[in-house]
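Presented below is the structure to which this report refers.
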Amino acid sequence: MTRLRPLLLALPLATAHAAETRHDLLRFTNGDQLHGTYLGIKPGPVMSWMREDVGGPVEFKTTQLRHVVLHGGRPDKVLPLLSHVSLANGDRIPGTITGLADDTLTLDSPFAGSLRIPCRQISMISPNPLGGRVFYHGPFSEDEWINVDPAHPDGLGPAADDDKEDAENEDEAGRWEFSGSSWYWREKSGGTALIRKDGMPDRAMLRFELAWKSRMALAIGFHADFKRPVLEADGDEKPEPPRFSPGDTSALPWIFGNAYVLQLNSNYLRLTRSFVDEDGRPSVDPNRSNLNQLRLGDSGKVVVELRASRDSGRISLFVDDEFVAQWSEGDEFAPGEGKYVGKGAGFGFLPQMDDCPVRISDIITTEWNGMPDSARSMQLEDQDIVLMANGTDRFAGRVEGIDGGLIDFETKHGSFRLPVEEVAEIRLASNDVAEPSEAPADAVLVRYSPIGAISGLPVGGDGDTLRLSHPVAGEIDLSLESAVMLEFHPSNRIIDDWDADF
Amino acid sequence: MRISNIAILGILLPALPAPADDILLSGAGNRLTGEVRSIEPSGIVELASPLTTEPLRLTGGSVRKVTFTAAAPGRSTPEGSLELSNGDRLPVRQVRMSGDVLQVDSPDLGKIDIPRDAAHTLQVGIEGLNKVYQGPKSLREWTSGGDDPKNWLFRDGTLRAEGTARASAGLDLPRSFVLKFTLSWDNLPNVRVWFADSENSVEEARDRYLLQFNRAGMELKRESSEGRHPVPIAVLNRTPDLYPDRRLEVEIAVDRNTSRIHLFLNGEPEGTFEDPVTPVPAGGVVRFECNTSRGQTQEIHRIEVYQFDDSRRRHHSEDRGDPETDSLISRDDDRWGGRLMEIASGPGGAVFRFKSDFQEKPLELPEEEVSTIFFARKEGEKPAEEASPFVLKLRDNGSLRVKSCRFAEGRVDAEHPLLGPIRFAGGAVTEMEWVGDSERDEKEGGSE
């Protein structure tokens, strides 16, 4: 298997921003928002902000702030690596792993210098994570996402005019709304999908955080080609696409074309095939509908991970890193020639019920290295697990040390010396990982692109740097040139207090 | 040997020297009983039958399938499976490897040497399907727990329900098991099957699984001792009209260690499902309930239970990874890439010496710790092409494609594209099937 190729080949190029034209966005807890320029944080803590139409910097108490989106969601400089360590408190600190000795790991971070982290605070070491090239990570901007419905397959067009009468806007289709680093659905009626036309290679992993209030009814289309069904003319009249009620599976081909669609509900899930044949006739295949037990409850937040391979026909679903279901499509004896119906590289989300607000965030698509579920989702209590970057090899044992680019790994079958560059992930024994502590009320979470989330108490800093008091690494100076967001009052609670009216 | 329907006109067959069994021929309903004497590389099949004066020589493609009934005397259970680079599968008792040669002891072929380059996958240890039960053996076996035998008939290994009928048996299901059975019906099915049940009474709320199949489709549920409503695990839109021959083979593999259930219908995988309730049902009883309308029947037969080890199936289906590297997967799920150096004899069985890419000294794993070996493909080598039109089926899921074979004195001699000349022990071959180019053969057509 080939090693992980340099990240820069797969990521969209970051647009260089001239320093004098930086556009940041500030959102408040009461829903207000301001465009301007982030100037830094002072003791208080208070945040300084500059707007052209205000004479001087404005200071805001951080207790009233929700988040700051930096550089319009596109950083000055994308981090040149995916290597990171994941901490017990949920932080992901990017950097090159340089050593491990005396129960302390050293990490060379591109934005914070050299860091020393106690191993007990580390849940995972990821020199080459995610199984392959990153094709998409976001959302940090609305770019390349489209709101579509059967009547508007190319997009809904500009949003409704606020000046118009409500009656004129009544027939407008609902829209997904982008805010911060998330997409929100808060419309009364379902039926509008949020799609991306690319991002899924032949062997793909799609991972995202899903939060919902009240009931869950969300369809996730993947490996979609968005082929449009042919409209049948009725006499001389211009053909109109059919109207569908939310939840009508007949709508799926009109949204996704040839695709697989995973329908998630509060208590069950279903995988459906969506077809548009050569003559443009749409259909869904109920014969592949499997209802599986799923217990998501009426509100909450989960991490959904879908793995799908056009070659082998295997589709697997994980929720919060636990295996949920697996399907076999296609013909393993005739790769590429089987029954796999997902013909495209796109994916999307479609609410399938009225009044089912959801939030989608932290979306990432990568090449899937084929790692089977038995290893990938396994975390042992008393052993570390190494997953190699070739996507197949894996061992259980103990990390004894890291030095000179080699990991000393002890197993019952002997000692191994594993090159760091050939290791995808090391999942540390859960018994050895400390319990996460609650983040303090005044904490801030700094998000980096493409990967990284570091939390701590802000001590100070200007528009380009931030000094944080980190609960594990101590006081650290962070460069913000690769940061995309500052989140204030990050929460570890299952139910986030996300404001539907943001 | 009595000859069943002969639908080929103008054929006279000589006396049979020894019995074979069903021989299916091309064309609907064509069938003979006789003895296949030989199959030539050209595809011509020589068939001996008492109805002809001379053996019948059928051109390639005429004979579709031959089922042999002669049992292999005293055949021991193989302890592994070797898959060849052309997809053929050979059950094996013992494998050793020295240099580039595998020395294989096969219950069907005896001791043979196989070039390493011809090997694709080796799976070691007792085949994941160790049979625990086969039946039904009698009606009493299935109604001794208190079920009313009324409305049941038992004949030829089949439980036949004429009306509403219940039957159950304690089968001592292993921790992880496969339950297989065949359902057939003459109008509409209406069957409920409980498994991993703990009692023979249906009234009490208990931890157990339920599979039901009726005109609405098929549903898998989890019943709980906590008295809640049964929790749906899977609902499948598999309605009876999808099975026009009114017969369904059901296979349910339950891994109670991981709370997963794999369902197969007519050999096709339907999905893997997770039991959402903990703890898993611990019982060993299987129970059938047929709700049959008056005048109609439903039948249950070929009930089999196997001890199920999912790891071999999972390991076999893993991505092979780098085709130029061997891989070794252990029973506890570790996997190494590198090179298999040797399979040697040790005090307790075979010892696998494997040089990992990340270790200086080779690993030495005893046989009981090894699950699966993926052999590297020789650099530049393409997978073997299928050139052999006959598939010989062996017991324990063995299957070999041959170019030609001759049947004589209870033996089968054949020419294999990778193994060369091979000889099967008496009774080893259970079926022979033609998988050649039927279009070409129809052009050549007819029989001699």
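Protein chains in written order, with the working numbering: chain A, 310 to 811; chain B, 728 to 1175.
Every residue, glycine too, gets a C-beta built ideally from N, C-alpha and C.
These figures come from a predicted structure and were not determined experimentally.
Around the C-beta of residue 1045/B, 16 or more other C-beta atoms lie within 10 Å, and the residue is accordingly described as buried. Cβ proximity to chain B below 7 Å picks out nothing from the stretch 610-631 of chain A. Proximity of residue 727/A to chain B, defined by a Cβ-Cβ separation below 7 Å, is satisfied. Minimum Cα-Cα distance from residue 429/A among the listed residues 361/A, 714/A, 447/A and 413/A corresponds to 413/A. Under a criterion of Cβ atoms nearer than 7 Å, the residues of chain A adjacent to residue 1054/B are, in order, 701. Runs of the alpha helix (DSSP H) spanning 4 or more residues and lying entirely within the stretch 760-803 of chain A do not occur at all. Here the alpha carbon of residue 535/A sits roughly 22 Å from the alpha carbon of residue 625/A. Across the structure, residue 831/B and residue 1066/B are spaced so that their CA atoms are roughly 19 Å apart. For residue 1042/B, the secondary structure class from DSSP, reduced to helix, strand or coil, is helix. Put simply, the backbone Cα of residue 512/A is about 7 Å away from that of residue 620/A.
The beta carbon of residue 704/A sits closer than 7 Å to some beta carbon of chain B. Not one beta carbon of chain B lies nearer than 7 Å to the beta carbon of residue 798/A.
A direct Cα-to-Cα measurement between residue 530/A and residue 1087/B gives close to 47 Å. Nearest to residue 1061/B by C-alpha distance, out of 719/A, 749/A, 497/A and 791/A, is 719/A. Interface with chain B (7 Å Cβ-Cβ cutoff): residue 637/A is included. Contact annotation: residue 381/A and residue 360/A have beta-carbon atoms that are not nearer than 7 Å. CA-to-CA, the gap between residue 816/B and residue 1076/B works out to about 22 Å.
Counting only the Cα atoms, residue 727/A lies some 6 Å from residue 1085/B. In this structure residue 916/B touches residue 940/B by the C-beta definition: roughly 5 Å separates them, less than 8 Å.
Shown here, residue 388/A sits in coil according to DSSP, grouped into three states, outside any helix or strand. The beta carbon of residue 540/A sits closer than 8 Å to those of 548, 549 and 550, all from its chain and outside the five residues before and after it, given in chain order. Within the DSSP secondary-structure output, residue 1115/B pairs in no beta bridge.
Contact with chain B is absent for residue 779/A, since none of that chain's Cβ atoms lies less than 7 Å from the residue's Cβ. Taking a C-beta distance under 7 Å as the contact criterion, residue 1161/B and residue 763/B do not qualify as a contact pair. Leaving aside the five residues that flank residue 984/B on each side, the residues in its chain whose CB is nearer than 7 Å to its CB run, in chain order, 902 and 903. Residue 711/A is positioned such that its CB atom lies closer than 7 Å to that of residue 409/A. Per DSSP, the beta bridge partners of residue 857/B are 1034/B. The beta carbon of residue 1036/B sits no closer than 7 Å to any beta carbon of chain A. About 6 Å separates the beta carbon of residue 759/A from that of residue 387/A, a gap short enough to meet the 8 Å contact definition. Contacts between residue 850/B and chain A, judged by CB atoms closer than 7 Å, are missing: the closest CB pair is about 16 Å apart. Of the residues 405/A, 664/A and 343/A, the one whose Cα lies closest to the Cα of residue 419/A is 405/A. Around the beta carbon of residue 948/B, 16 or more other beta carbons lie within 10 angstroms, which makes this residue buried.
DSSP places residue 564/A within a helical segment (H, G or I) once states are collapsed to three. As summarised for the stretch 470-541 of chain A, the continuous beta strand (DSSP E) elements at least 3 residues long and confined to that stretch are 486-488, 491-494, 502-505, 512-521 and 526-533, given in chain order.
Contact check for residue 886/B against residue 863/B passes: the beta carbons are separated by less than 7 Å. About 28 Å separates the beta carbon of residue 849/B from that of residue 906/B, a gap too long to meet the 8 Å contact definition.
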